[in-house]
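A.B. asks: If you want my numbering, it's the 1-based position in the sequence shown plus 73. Before I ask anything, here is the structure I am working with.
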Amino acid sequence: MSIVKIKDKSFKTSIPEAEILKKVQVVADRLNKDYEGKTPVFLAVLNGAFIFAADLMRMITVPSEISFVKYASYEGTFSTGSMKTLMGLNQDLAGRHVVIVEDIVDSGFTMAHMIEDLKKMNPASVEVCSLLVKPGNLKVDLDINYAVMKIPNDFIVGYGLDYDQEGRNLRDIYTIVEE
Ligand code: 5GP
Ligand code: MG
Ligand code: MG
């Protein structure tokens, strides 16, 4: 086990890269079966999903497309606080089979919001493929058909996920060490 320090926090190895890749392959196999003959559009959510998407897509063998999207928060004059808007989607999704590629589903609010936005574009289907899910924190009714790994509620970094924008480049997944 190795320890890394990022800013004021320490993290310990939790899921090694080799194990991540084995589990990504299992989900890729399912996607290859389920999307045969459908030419799905994968929508990877930046920044967190960039490593996962790169590994997953190289295991996809059915004809497919990939696009990268991002949620930008903007502070408006809304009493409810910040709003989030989907950026980077320059594609017609009408009638298409969409697979969202996400790093982690925590409360599930982000995914629920994204699915709602995408459904307005009349896709044939929308499914979620998330590297990680924290089932203990899920606060909305959300079907995550393709979850690579389920983890406890601890904060993690690496393999695309950040702590205050650092640590995305770590090959393995690390869990925070509580002091
Ligand atoms: P949700 O809307 O599901 O609560 O939030 C999902 C987002 O919160 C993820 O896309 C990710 O950016 C962030 N997040 C949730 N849990 C973690 C975690 O353990 N580590 C990191 N780095 N980000 C997390
Ligand atoms: Mg994310
Ligand atoms: Mg983050």
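From the three backbone atoms N, C-alpha and C, an ideal C-beta is built for every residue, glycine too.
1) Could you tell me if Ile177 is buried or exposed, where buried requires 16 or more neighbouring beta carbons within 10 angstroms of its beta carbon?
2) For Val171 versus Val199, is the C-beta spacing smaller than 8 Å?
3) Mind listing, in chain order, the residues whose beta carbon lies closer than 7 Å to a non-hydrogen atom of ligand 3?
4) Determine whether the beta carbon atoms of Pro196 and Leu166 lie at a separation below 8 Å.
5) Should Thr158 be counted as a contact of ligand 1 given a C-beta to heavy atom distance under 7 Å?
6) To which residues of the same chain is Leu191 closer than 7 Å at the C-beta, ignoring the five residues directly before and after it?
7) For ligand 2, I want to know if Asp128 counts as a neighbour, meaning its beta carbon is within less than 7 Å of at least one of the ligand's heavy atoms.
8) With DSSP collapsed to three states, give me the class of Met130.
9) Entirely within the region 183-221 and at least 4 residues each: give me those alpha helix (DSSP H) ranges in chain order.
10) Please check the pair Leu55 and Ile173, which I expect to be a contact at CB under 8 Å, by giving their CB distance rounded to whole angstroms.
11) Does DSSP put Ala122 in a helix, a strand or coil?
12) According to DSSP, which residues form a beta bridge with Val77?
13) For ligand 2, I want to know if Asp190 counts as a neighbour, meaning its beta carbon is within less than 7 Å of at least one of the ligand's heavy atoms.
14) According to DSSP, simplified to helix, strand and coil, what is Ala117?
C.D. replies: So, from the data block:
1) As a first step, residue 177 must be located in the sequence shown, where it is residue number 104. Only buried fits Ile177, as 16 or more other CB atoms lie within 10 angstroms of its CB.
2) On the sequence shown, residue 171 is found 98 positions in, with the first residue counted as 1. On the sequence shown, residue 199 is found 126 positions in, with the first residue counted as 1. Closer than 8 Å, so yes.
3) Gly121, Leu234 and Asp235
4) As a position in the sequence shown, residue 196 is number 123, starting the count at 1. As a position in the sequence shown, residue 166 is number 93, starting the count at 1. The answer is yes: Cβ separation under 8 Å.
5) Reading the sequence shown from its first residue, position 85 is the one you call residue 158. Result no, Cβ not under 7 Å from ligand 1.
6) As a first step, residue 191 must be located in the sequence shown, where it is residue number 118. Answer for Leu191: Leu166, Val171 and Val199, listed in chain order.
7) Taking the sequence shown and counting its residues from 1, one reaches residue 128 at position 55. For Asp128, the distance from the CB to the nearest heavy atom of ligand 2 is not below 7 Å.
8) What you label residue 130 is simply residue 57 of the sequence shown in a count that begins at 1. Reduced to three states, the DSSP call for Met130 is helix.
9) none
10) Because the chain spans 74 through 252 in this model, residue 55 falls outside it and cannot be assessed.
11) As a first step, residue 122 is located in the sequence shown; it is residue number 49 there, counting from the start. Three-state DSSP puts Ala122 in coil, outside helix and strand.
12) One-based indexing of the sequence shown puts residue 77 at position 4. According to DSSP, Val77 bridges with Phe84.
13) Within the sequence shown, numbered from 1, the residue matching residue 190 stands at position 117. For ligand 2, not one heavy atom lies less than 7 Å from the Cβ of Asp190.
14) For the purposes of this step, residue 117 is identified with residue 44 of the sequence shown, where counting begins at 1. Looking at Ala117 - three-state DSSP - the assignment turns out to be strand.
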